[in-house]
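Here the sequence shown is numbered in UniProt numbering, starting from 1 and rising by one per residue.
Some notes on the structure that comes next.
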Amino acid sequence: MAGKGFGPLGKMKELADAFKKAQEVQAGAQQLQNELEQMEIEGTSEDGLVKVVMSGNQEPRRVEISPDAMSQGAEALSVSVTAAMTSAYEQSTELMRGRMEELTSGLNLPGM
Numbered sequence: 001m002a003g004k005g006f007g008p009l010g011k012m013k014e015l016a017d018a019f020k021k022a023q024e025v026q027a028g029a030q031q032l033q034n035e036l037e038q039m040e041i042e043g044t045s046e047d048g049l050v051k052v053v054m055s056g057n058q059e060p061r062r063v064e065i066s067p068d069a070m071s072q073g074a075e076a077l078s079v080s081v082t083a084a085m086t087s088a089y090e091q092s093t094e095l096m097r098g099r100m101e102e103l104t105s106g107l108n109l110p111g112m
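Printed below as a string of structure tokens:
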């Protein structure tokens, strides 16, 4: 009986297919890493007075603070900067998660 998954040859084919898919995912992950490094994700405070820009890899790029934000005082400015950082971080995390799910969809490893 030579059906899919029966006997040693069927298992070897399954393993070879899984290995090939894993190599494709690895190459895709490297490409995604390069894309994320080039990306800019903006997070803003609720009032729009502070903007934080980071890469898709969550590396800080710059912070833009409006003069109106400066006039609100140190404590309010701190809250605005933190909110903008959180916004950028959440966006980048969601983007990475979504892209990795796309990349690994269909990856069925035997025994997993």
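The C-beta atom is built at its ideal place from N, Cα and C for all residues, glycine as well.
For the region 74-93 and the region 50-58, state whether three or more C-beta atom pairs, one from each stretch, are separated by less than 8 Å.
Judged by Cβ distances under 8 Å, the region 74-93 makes contact with the region 50-58, as three or more pairs qualify.
Which same chain residues end up closer than 8 Å to T86 when comparing Cβ atoms and leaving out the 5 residues on each side of it in sequence?
Within the sequence shown, numbered from 1, the residue matching residue 86 stands at position 86. Cβ neighbours of T86 beyond the five flanking positions: G43.
Quick one: using the 10 Å Cβ neighbour count with 16 as the cut-off for buried, is L9 buried or exposed?
Along the sequence shown, one-based indexing puts residue 9 at 9. The residue in question, L9, is exposed, as its Cβ has fewer than 16 Cβ neighbours within 10 Å.
Thinking C-beta only, is E35 closer than 9 Å to R61?
The count along the sequence shown starts at 1 and reaches residue 61 at position 61. The count along the sequence shown starts at 1 and reaches residue 35 at position 35. Taking 9 Å as the Cβ cut-off, R61 and E35 do not qualify as a contacting pair.
Of all the alpha helix (DSSP H) runs that stay within the bounds of the region 34-72, which reach a length of 4 or more residues?
Fully enclosed alpha helix (DSSP H) runs of 4 or longer: 67-70.
Where do the ends of the alpha helix (DSSP H) carrying S105 lie?
In the sequence shown, residue 105 corresponds to position 105, counting from 1. Here S105 belongs to no alpha helix (DSSP H), and DSSP marks it neither H nor E.
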